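Trainee: First to last, the protein sequences are chains A and B. The first sequence maps to residues 24 to 140 in our numbering. The second sequence maps to residues -11 to 104 in our numbering. Every residue gets a Cβ at the ideal spot worked out from N, C-alpha and C, and that includes glycine. As the structure is a computational prediction, the values presented were derived from the model and not from experiment. Just dropping this structure here.
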Amino acid sequence: DTEVTQTPKHLVMGMTNKKSLKCEQHMGHRAMYWYKQKAKKPPELMFVYSYEKLSINESVPSRFSPECPNSSLLNLHLHALQPEDSALYLCASSQGGWTDAMNTEAFFGQGTRLTVV
Amino acid sequence: EDQVTQSPEALRLQEGESSSLNCSYTVSGLRGLFWYRQDPGKGPEFLFTLYSAGEEKEKERLKATLTKKESFLHITAPKPEDSATYLCAVRPRGDAGGTSYGKLTFGQGTILTVHP
Chain A
24 DTEVTQTPKH LVMGMTNKKS LKCEQHMGHR AMYWYKQKAK KPPELMFVYS
74 YEKLSINESV PSRFSPECPN SSLLNLHLHA LQPEDSALYL CASSQGGWTD
124 AMNTEAFFGQ GTRLTVV
Chain B
-11 EDQVTQSPEA LRLQEGESSS LNCSYTVSGL RGLFWYRQDP GKGPEFLFTL
39 YSAGEEKEKE RLKATLTKKE SFLHITAPKP EDSATYLCAV RPRGDAGGTS
89 YGKLTFGQGT ILTVHP
């Protein structure tokens, strides 16, 4: 099973709202990722968690706040977003680890289509 | 800085017409090169991992190959259901700080359309 589950599938929010995106995997993966994808563009890395600790933040604005409550769950908290933040938000996971040998392919969820109005 | 360039940007084929997609990369030590398929509005679906030059992987009508500078995704006798965007991504070897291992750098993708 290589399933990464994201909820909700679609989200419409106002610029003053607070919402959260959720991601879950049960593959025992220890690395989890958030990517942002605009139409006709490749995914852009936002955050990487390894062993529930934030290891990479690609200079993402503070209105995006990631959280990793445990090894299976990853959240992305949204606050005061702008219309230009509308995009497909993708969660991914990989085996993860502190050695190269453990860092292999990443499996993606189906994404949350976010629209900011 | 790691770079991935895919060509062509778009490819139209007739059903049964074989062709290849190209992925050229520049990375400071390659840990792995990955091919994904993405349908509109969906997340990327993992296809292949290639680790070293000379390696080949096959799955149904798809075959991926790797050299020191590029990778090819060969599509043999494609069908309309093969229509999708094909993404190539690279992962560098870990740096001393242990942070770069987490990064996947994607190319812009090739939009493949297969007509019946």
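Can you confirm whether G134 (chain A), when its beta carbon is compared against all beta carbons of chain B, has any partner nearer than 8 angstroms?
Mentor: To locate residue 134 (chain A), count along the first sequence from 1; it is residue 111. True, the Cβ-Cβ gap to chain B drops below 8 angstroms.
Trainee: With a CB to CB cut of under 7 angstroms and the five nearest residues on each side skipped, what residues in its chain are close to T139 (chain A)?
Mentor: Position 116 of the first sequence, counted from the first residue, corresponds to residue 139 (chain A). Here residue 139 (chain A) is Val; the residue named in the question, Thr, does not match the sequence. So the qualifying residues of the chain are M36, M38, L104, Q105, P106, D108, S109.
Trainee: Do you know how far the Cα of G95 (chain B) is from the Cα of P65 (chain A)?
Mentor: By 1-based counting over the first sequence, the position of residue 65 (chain A) is 42. By 1-based counting over the second sequence, the position of residue 95 (chain B) is 107. Their backbone Cα atoms lie some 7 angstroms apart in a straight line.
Trainee: Hey, would you say F87 (chain A) sits closer than 8 angstroms to G31 (chain B), going by beta carbons?
Mentor: Here residue 87 (chain A) refers to the residue found at position 64 of the first sequence. Here residue 31 (chain B) refers to the residue found at position 43 of the second sequence. The answer is no: Cβ separation not under 8 angstroms.
Trainee: In whole angstroms, what separates the C-alpha of S40 (chain B) from that of K32 (chain A)?
Mentor: Taking the second sequence and counting its residues from 1, the one referred to as residue 40 (chain B) is at position 52. Taking the first sequence and counting its residues from 1, the one referred to as residue 32 (chain A) is at position 9. Approximately 37 angstroms between the Cα atoms of the pair.
Trainee: Would you mind working out which of B:P104, B:N10, B:W23 sits nearest T(-7) (chain B), comparing C-alpha positions?
Mentor: The residue labelled residue -7 (chain B) in the question sits at position 5 within the second sequence. It is B:N10.
Trainee: Does the stretch -5 to 4 of chain B come into contact with the stretch 39 to 46 of chain A, if we say contact requires no fewer than three beta-carbon pairs (one atom in each stretch) closer than 8 angstroms?
Mentor: no
Trainee: Using 10 angstroms around the beta-carbon of T25 (chain A), count the other beta-carbons present and answer buried if the total reaches 16, otherwise exposed.
Mentor: Numbered from 1 along the first sequence, position 2 holds the residue referred to as residue 25 (chain A). Answer is exposed; the Cβ neighbour count stays below 16.
Trainee: Going along the chain, which residues of the stretch 19 to 41 of chain B sit with their C-beta nearer than 8 angstroms to a C-beta in chain A?
Mentor: Of all residues in the stretch 19 to 41 of chain B, those with a C-beta nearer than 8 angstroms to a C-beta of chain A are R19, G20, F22, Y24, G29, K30, G31, P32, E33, F34, T37, reading in chain order.
Trainee: Using a C-beta to C-beta distance shorter than 8 angstroms, which residues of chain B count as neighbours of E128 (chain A)?
Mentor: For this step, residue 128 (chain A) is matched to residue 105 along the first sequence. Within chain B, the residues near E128 (chain A) are G20, F22, F34, T37.
Trainee: In the stretch 45 to 72 of chain B, which residue ranges form an unbroken alpha helix (DSSP H) of at least 4 residues, counting only runs that do not cross its ends?
Mentor: none
Trainee: Give me the residue from B:S8, B:K51, B:R19, B:Q26 with the minimum Cα distance to Y74 (chain B).
Mentor: Here residue 74 (chain B) refers to the residue found at position 86 when the second sequence is read from its first residue. Of the candidates B:S8, B:K51, B:R19, B:Q26, the one whose C-alpha sits nearest the C-alpha of Y74 (chain B) is B:Q26.
Trainee: Report the partner residues of C76 (chain B) according to the DSSP bridge assignment.
Mentor: Looking up residue 76 (chain B) in the second sequence gives position 88. Partner(s): B:W23.
Trainee: Report yes if the CB atom of T101 (chain B) is closer than 8 angstroms to the CB atom of R0 (chain B), and no otherwise.
Mentor: Locating residue 101 (chain B) in the second sequence gives position 113, where the first residue counts as 1. Locating residue 0 (chain B) in the second sequence gives position 12, where the first residue counts as 1. For T101 (chain B) and R0 (chain B), yes; Cβs fall inside 8 angstroms.
Trainee: Around the C-beta of Q(-9) (chain B), are 16 or more other C-beta atoms found within 10 angstroms, so that it is buried, or is it exposed?
Mentor: The count along the second sequence starts at 1 and reaches residue -9 (chain B) at position 3. The Cβ neighbour count for Q(-9) (chain B), taken over all protein chains shown within 10 Å, is under 16; the residue is labelled exposed.
Trainee: Looking at the C-beta of P65 (chain A), does it have a partner C-beta in chain B at a distance below 8 angstroms?
Mentor: Counting from one through the first sequence, the residue named residue 65 (chain A) turns up at place 42. By this cut-off, P65 (chain A) is an interface position.
Trainee: Beta-carbon separation of E3 (chain B) and P104 (chain B) under 8 angstroms?
Mentor: For the purposes of this step, residue 3 (chain B) is taken as residue 15 along the second sequence, with counting starting at 1. For the purposes of this step, residue 104 (chain B) is taken as residue 116 along the second sequence, with counting starting at 1. Yes.
Trainee: Is the Cβ of L68 (chain A) closer than 8 angstroms to any Cβ of chain B?
Mentor: Mapped onto the first sequence, residue 68 (chain A) falls at position 45. Yes, L68 (chain A) lies at the interface with chain B (some Cβ there is under 8 angstroms from its Cβ).
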